[in-house]
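This report refers to the structure that appears directly beneath it.
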Amino acid sequence: METAVVKKMNKFINNADSVVDDSIRGLILSHDSLATLDCCRRVVLRADIDKLKGGKQVTLLAGGGSGHEPFAAGFVGKGLLSAAVCGNVFASPPTSHITAGLNAIRNSSGIGVFVINYTGDRLNFGLAVERFNTSRGKEDGEAEIVMIGDDVALESSIAGRDVGRRGLAGAVLLLKIAGAMAEEGKDLKTITATSRFINDNLGTIGVSLSACSLPGRGPMFELEADQMEFGLGIHGEPGFERSQYRTAKEVAKLLLGKLEKSQKLNLKKDEKLIVLLNNLGGTSQIELNILSGEIYSYLFICKSVGTVVEADEAVNYPTEFLNLLDLPGMLSLVLKLKINMPIIMLRNISSQSFCSGTRLAIKKLMSNFVKATFFTKPFKGEKGYCIQRFYVESVMTSLNGHGISITILRLVSDDWLRYLDTVTEAPAWKMAPFPPKLSSSANEIKSTENKQGIGKHIGVTLSRENTEHVEAAIKKACIAIRESVNLLNGLDGSAGDGDCGSTLKVGADKILKCLDEGKLRCDRPQSLFNEISQIFEDDVGGTAGALYALMFSSAAQAFIESATAKEWYIALKNGLETIMKYGQAKPGSRSMVDPLHAAVTTISCDNPKKAQWENAVKQAEEKAKATSGMLAQVGRASYTSSLVQKEPDAGAIAVSIWLRAIYEAVYS
1 METAVVKKMN
11 KFINNADSVV
21 DDSIRGLILS
31 HDSLATLDCC
41 RRVVLRADID
51 KLKGGKQVTL
61 LAGGGSGHEP
71 FAAGFVGKGL
81 LSAAVCGNVF
91 ASPPTSHITA
101 GLNAIRNSSG
111 IGVFVINYTG
121 DRLNFGLAVE
131 RFNTSRGKED
141 GEAEIVMIGD
151 DVALESSIAG
161 RDVGRRGLAG
171 AVLLLKIAGA
181 MAEEGKDLKT
191 ITATSRFIND
201 NLGTIGVSLS
211 ACSLPGRGPM
221 FELEADQMEF
231 GLGIHGEPGF
241 ERSQYRTAKE
251 VAKLLLGKLE
261 KSQKLNLKKD
271 EKLIVLLNNL
281 GGTSQIELNI
291 LSGEIYSYLF
301 ICKSVGTVVE
311 ADEAVNYPTE
321 FLNLLDLPGM
331 LSLVLKLKIN
341 MPIIMLRNIS
351 SQSFCSGTRL
361 AIKKLMSNFV
371 KATFFTKPFK
381 GEKGYCIQRF
391 YVESVMTSLN
401 GHGISITILR
411 LVSDDWLRYL
421 DTVTEAPAWK
431 MAPFPPKLSS
441 SANEIKSTEN
451 KQGIGKHIGV
461 TLSRENTEHV
471 EAAIKKACIA
481 IRESVNLLNG
491 LDGSAGDGDC
501 GSTLKVGADK
511 ILKCLDEGKL
521 RCDRPQSLFN
531 EISQIFEDDV
541 GGTAGALYAL
551 MFSSAAQAFI
561 ESATAKEWYI
571 ALKNGLETIM
581 KYGQAKPGSR
591 SMVDPLHAAV
601 TTISCDNPKK
611 AQWENAVKQA
621 EEKAKATSGM
631 LAQVGRASYT
641 SSLVQKEPDA
651 GAIAVSIWLR
661 AIYEAVYS
C-alpha cells in the first residue's frame, strides 16, 4: 500500500512557529509610523496613539488570523485603523490579545471594532468587546462591533443558515471609508451605521488555480493542473464549483456575472461602482494586468464592437488606419466605428496633447480620419455601469494562493468616494503619500491597564449554605462532563471533528483543579463566573472555549447586587442571549442554543422554585435529543451533508448533561 507524500513548500522564513512575530517585526522596523504594544506584540498600533487618544476622535480596531497580509496590520495608520490584532496563521487572535488592543486605544469617543465574519473571530472579538464594555471606566467610550460579510459565492448554501456571509477583500474598502470618517471627526454611531450600510452594498467573489501552503507544510488541498476552484474562502475553504481551466476572459465573465446577479448586489443600469481586483498572494503582475483588461472590457463594453454597430451607421476602416501596423500572420483587419464609441490611442504621431493609452470618444467619422474628444466623465458601457474607481492591489491574501478575488461596491453616496480618495498614511493602501521610513529598532508602546478590570472580589457575597450549594453544583457539573467524554466525542465525530467531549473536559479539569487549590471564590458568583470565563478563554480556546467564555462572562453580570433564584434565572438568560448574539445561532439551528433556549423559555416567573427548575432541565434534555432531527445551521457541521447529521448534536447534549448535574447538586 502506497502512502501519499505531501511535499513541503519552501518559503523565506526563519522558523514556521515564528512567522507571525517575525512578520510583525519587519513591518514595524520598516515603518516609523507603526508600533507594537509592549505587553502583546501581536497588537500593531499607530505610533502616535497617545496623541490620538487625547483628542475627540473615534478609534478603530480590526484584525484576525495572519496569512492575509497586508490585512489587517498593514492598514494601521492615520486615516485608517488605529490598531490591528494579529492571530496565528489562519487562526483568530485570543480574546486576551484583543482586549489588550482595546485597552490600548480606549478613549472618550469610543471604539469601532471591525470583524470579518468567521466563527472564531466573531466569538473572540465578541467576548473581548463584552468584557471591555462591562469593565470600562466612566470616562471611556463604548466599543461597538461591525461584522463584515461580503462573500456572494455561497448564497444558495447559506440560505436559511445563521453562519452568514464570509468576510473577504471588500472589507478593506469599508475600513478605508470608516477610517476617513473617523479622521473627519464623525461619531461612533454614525461610523458604525454607515459601515453596516456599506456592507449591505458590498460583494466579493474569488477563484484559485492552486491552494496556498501553510508555513512548514504542503498545499492545503490539491487541484489538478487543468482545474480551477471558484468561490473559495481566504483560508482555503471550498467554493461553489471546481471546474476545468478557463481563460482569463471566461473567468472574468463568470465572476462578474455572479456579482451582478447576486442577491446581495443585484446591480441595475446606471449604478456607480467601485471595483477592486485583489491578488490572493501568488498571482503574477502580468496575470493581474490581463484580468484587469477583461474586467474592464466586461463592465464597459460587454459585446464585441462588430456586433453592436449597424451597417448603415458604421464606417469601415482598413488595417492601414492603425498607423500602418504590420501584424505578421494576421488577416487584414476592418474596424467598425460609430459616433460616441470609445477608442484608445495606441500610438501618437502628431500631437503633444496625446499619449499612448489616452481614452477618446468618437465625435465624427471621415473617409480617412476620425474626430474624437477626451473623456471628461467615466464611460458608461452597455451594462450601464459607471465605474468611479478601479483598484488592482494585494489587500487581503491567502498566503501564496494562486488566485484572485473581485469586489464591487455599489456607490450609494458620493461621500464614500471622497473618503476613499482621502489621504492615509497606512503603508498598505496604494494612496499612501509617504514612503516607508527605516529604523534600527522597532517602536514599542507601553500598555495601559483597564482601570476597572474583571476583578477578583466583586459582586454580591453568598451565605455559607449557598456557597456550598454553588461549589457542589460546579463540581458535579465538571465531573459529569468528565464522565461523558466518549459519548460527546462519538456524537461529534459524525458531523464535527470528534473532539467536543475532550475539549470540554479540558475546561472541567482546570475548574476542578482551581477549586481544589482554593483559587475560585464560590461565595461571589460574579467573580466566580468571570474566572470560569477566563479559564474557557485561556485553557480551552477554539470555538467551544469562546462560546462558554461568552456565556459565563455575560451570566456574571446578573450578580452585582443580589443572588436570589431570580438572578440565577437572569444569569442563564443572559448567557443564552450572548451566545445567540455572537454565535449567530437560533433555536432550531442544531446547537447548544436549543437546550438553553428550552430551559429559559420554560421558566415563566421571576422567582422560579424547584418544580420549575426541574421542568426546565427536562425540557432542555428533550430539546437536546431532538437536535437529531435538525439540520445544522451554524458551526462546522453546517458545511456537512444532512446524511451525517442523524445523531443529536454533541454541544446540545453537553448542555443537558451539566444542567442536570447542577439541578441534582442543588436539590438532592
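According to full-length UniProt numbering, the stretch in the sequence shown is residues 1 to 668, in order.
Using N, Cα and C, we set each Cβ at its ideal position, and we do this for glycine too.
Exercise for the section: Using beta-carbon positions only, say whether Val43 and Gly141 come within less than 9 Å of one another. Expected result: As a working mapping, residue 43 is identified with position 43 in the sequence shown. As a working mapping, residue 141 is identified with position 141 in the sequence shown. It is not a contact, given that the beta carbons lie outside the stated cut-off.
Problem - Helix, strand or coil at residue 670 [DSSP, three-state] - result: In the structure as shown, the chain starts at 1 and stops at 668, and residue 670 therefore has no counterpart that could be examined.
Exercise for the section: Drop a sphere of 10 angstroms on the beta-carbon of Gly518, count the other beta-carbons inside from all chains shown, and report buried for 16 or more, exposed for fewer. Expected result: Position 518 of the sequence shown holds residue 518. Exposed is the call here.
Handout entry: Which of helix, strand or coil DSSP assigns to Val76
Key = Counted from its first residue, the sequence shown places residue 76 at position 76. Strand at Val76.
Handout entry: Three or more C-beta pairs below 8 Å linking the region 207 to 223 and the region 125 to 141
Key = Counting C-beta pairs with one atom in each stretch, the region 207 to 223 and the region 125 to 141 have fewer than three that are closer than 8 Å, which means they do not touch.
Handout entry: Range of the contiguous beta strand (DSSP E) that encloses Gly55
Key = As a working note, residue 55 is residue 55 in the sequence shown. No residue range can be given for Gly55, since it is assigned to no beta strand (DSSP E) and is classified by DSSP as neither H nor E.
Practice task
Spell out a yes or no on whether the region 267 to 283 and the region 393 to 401 are touching, meaning 3 or more CB-CB pairs, one atom from each, closer than 8 Å.
Solution key: Contact check between the region 267 to 283 and the region 393 to 401: three or more CB pairs, one atom from each, fall below 8 Å, which counts as touching.
Problem - Neighbour-count burial assignment, Val251, 16 or more Cβ in a 10 Å radius - result: If you number the sequence shown from 1, residue 251 lands on position 251. Val251 is buried by the Cβ-count criterion.
Exercise for the section: Quick one: grab the DSSP three-state call for Ala665. Expected result: Sequence index remark: in the sequence shown, residue 665 carries index 665 (1-based). For Ala665, the three-state secondary structure derived from DSSP is helix.
Practice task
Report all residues from its chain with a CB closer than 6 Å to the CB of Tyr667; omit the five preceding and five following residues, and keep chain order.
Solution key: Reading the sequence shown from its first residue, position 667 is the one you call residue 667. For Tyr667, where only same-chain residues beyond five positions count, the Cβ hits under 6 Å are Lys610.
Problem - Residue range of the alpha helix (DSSP H) that includes Asn103 - result: Position 103 of the sequence shown, counting from 1, holds the residue named residue 103. Annotation for Asn103: the continuous alpha helix (DSSP H) segment containing it runs 95 to 104.
Handout entry: Backbone CA spacing between Lys138 and Ser554 [nearest angstrom]
Key = Translated into the one-based positions of the sequence shown, residue 138 becomes position 138. Translated into the one-based positions of the sequence shown, residue 554 becomes position 554. When only Cα atoms are considered, Lys138 and Ser554 end up about 20 Å apart.
Exercise for the section: Spatial neighbours of Asp414 within its chain, please: CB distance less than 6 Å, with the 5 preceding and 5 following residues excluded, ordered by chain position. Expected result: On the sequence shown, residue 414 is found 414 positions in, with the first residue counted as 1. Shown here for Asp414: not one same chain residue has a beta carbon closer than 6 Å to its own, the five before and five after excluded.
Problem - DSSP three-state assignment for Cys212, whether helix, strand or coil - result: For this step, residue 212 is matched to residue 212 along the sequence shown. The answer is coil: DSSP assigns Cys212 none of H, G, I, E or B.
Handout entry: Three-state class that DSSP yields for Val412 in the structure shown
Key = For this step, residue 412 is matched to residue 412 along the sequence shown. Reduced to three states, the DSSP call for Val412 is coil.
Problem - N-terminal and C-terminal residue of the alpha helix (DSSP H) that Ser502 is part of - result: For the purposes of this step, residue 502 is identified with residue 502 of the sequence shown, where counting begins at 1. Residues 500 to 516.
Practice task
Give me the Cα-Cα distance between Tyr419 and Ile49, rounded to the nearest whole angstrom.
Solution key: Residue numbering aside, residue 419 sits at position 419 when the sequence shown is read from its first letter. Residue numbering aside, residue 49 sits at position 49 when the sequence shown is read from its first letter. In this model, Tyr419 and Ile49 are separated by some 21 Å (Cα to Cα).
Problem - For Ala611, three-class secondary structure by DSSP - result: As a first step, residue 611 must be located in the sequence shown, where it is residue number 611. Assignment of Ala611 by DSSP, reduced to helix, strand and coil, places it in the helix class.
Problem - Proximal residues to Ala624 (C-beta, below 7 Å), its chain only, five neighbours per side dropped - result: To locate residue 624, count along the sequence shown from 1; it is residue 624. Taking Ala624 as the centre and dropping the five residues before and after it, the same chain places the C-beta of Asp594, Pro595, Pro648, Ala652, Ile653, Val655, Ser656 closer than 7 Å to its C-beta, in chain order.
Problem - Residue closest to Ile274, alpha-carbon to alpha-carbon, out of Leu259, Ser533, Ala565, Thr283 - result: The sequence position of residue 274 within the sequence shown is 274, counting from 1. With distances taken between Cα atoms, Ile274 lies closest to Leu259.
Handout entry: Those runs of the beta strand (DSSP E) which lie wholly inside the region 200 to 283 and span at least 3 residues
Key = The region 200 to 283 is shown to contain whole beta strand (DSSP E) runs of 3 or more residues at 202 to 210, 227 to 230, 241 to 244, 272 to 279, in chain order.
Exercise for the section: Note down, in chain order, each residue of its chain lying with its Cβ closer than 6 Å to the Cβ of Ser533, except the 5 sequence neighbours on either side. Expected result: Position 533 of the sequence shown, counting from 1, holds the residue named residue 533. The residues are Ala549, Phe552, Ser553.
Practice task
Check whether the region 222 to 240 touches the region 194 to 206, counting contact only when three or more Cβ pairs, one atom from each stretch, lie closer than 8 Å.
Solution key: Counting Cβ pairs under 8 Å, three or more are found: they touch.
Problem - Where the alpha helix (DSSP H) containing Val19 begins and where it ends - result: Along the sequence shown, read from residue 1 onward, the residue named residue 19 stands at position 19. Element bounds for Val19: 19 to 29.
Practice task
Using three-state DSSP, classify Gln526 as helix, strand or coil.
Solution key: Taking the first residue of the sequence shown as 1, we reach residue 526 at position 526. Looking at Gln526 - three-state DSSP - the assignment turns out to be helix.
Handout entry: Bridge partner(s) assigned by DSSP for Leu34
Key = To locate residue 34, count along the sequence shown from 1; it is residue 34. For Leu34, which the question treats as bridged, DSSP gives the partners Arg46.
Exercise for the section: Kindly identify the DSSP beta-bridge partner or partners of Gly575. Expected result: On the sequence shown, position 575 is the one that residue 575 refers to. Gly575 is not bridged to any residue.
Problem - Cβ-based burial, Cys605 [other Cβ within 10 Å; buried from 16] - result: Mapped onto the sequence shown, residue 605 falls at position 605. With fewer than 16 other Cβ atoms from the protein chains shown falling within 10 Å of its own Cβ, Cys605 counts as exposed.
Exercise for the section: Within its chain, find whatever has a CB closer than 7 Å to the CB of residue 675; leave out the 5 residues flanking it on each side and keep chain order. Expected result: Lying outside 1 to 668, the shown extent of the chain, residue 675 is not represented and no answer is given.
Problem - Paired residues, beta bridge with Leu61 - DSSP - result: Numbered from 1 along the sequence shown, position 61 holds the residue referred to as residue 61. Looking at the DSSP assignment, Leu61 forms a beta bridge with Ala83, Val113.
Handout entry: Element boundaries [alpha helix (DSSP H), containing Tyr548]
Key = Taking the sequence shown and counting its residues from 1, the one referred to as residue 548 is at position 548. Per DSSP, Tyr548 belongs to the alpha helix (DSSP H) from 542 to 556.
Handout entry: Those residues which DSSP pairs with His402 across a bridge
Key = Working through the sequence shown from its first residue, we reach residue 402 at position 402. Bridge partners of His402: Ser210.
Problem - Straight-line Cα distance separating Leu462 from Ala563 - result: Residue 563 sits at position 563 when you count from the first residue of the sequence shown. Residue 462 sits at position 462 when you count from the first residue of the sequence shown. So the alpha carbons of these two residues sit roughly 7 Å apart.
Handout entry: Cross-strand partners of Arg389 (DSSP beta bridge)
Key = Start at 1 with the first residue of the sequence shown, and residue 389 comes out as number 389. The partner list for Arg389 (beta bridge, DSSP) reads Ile274.
Problem - Extent of the continuous alpha helix (DSSP H) to which residue 685 belongs - result: Residue 685 is absent from the model: the chain starts at 1 and stops at 668.
Practice task
Count the CB pairs spanning the region 166 to 182 and the region 144 to 153 that are closer than 8 Å, and state whether there are at least three.
Solution key: Under the 8 Å Cβ criterion, the region 166 to 182 counts as touching the region 144 to 153, having at least three qualifying pairs.
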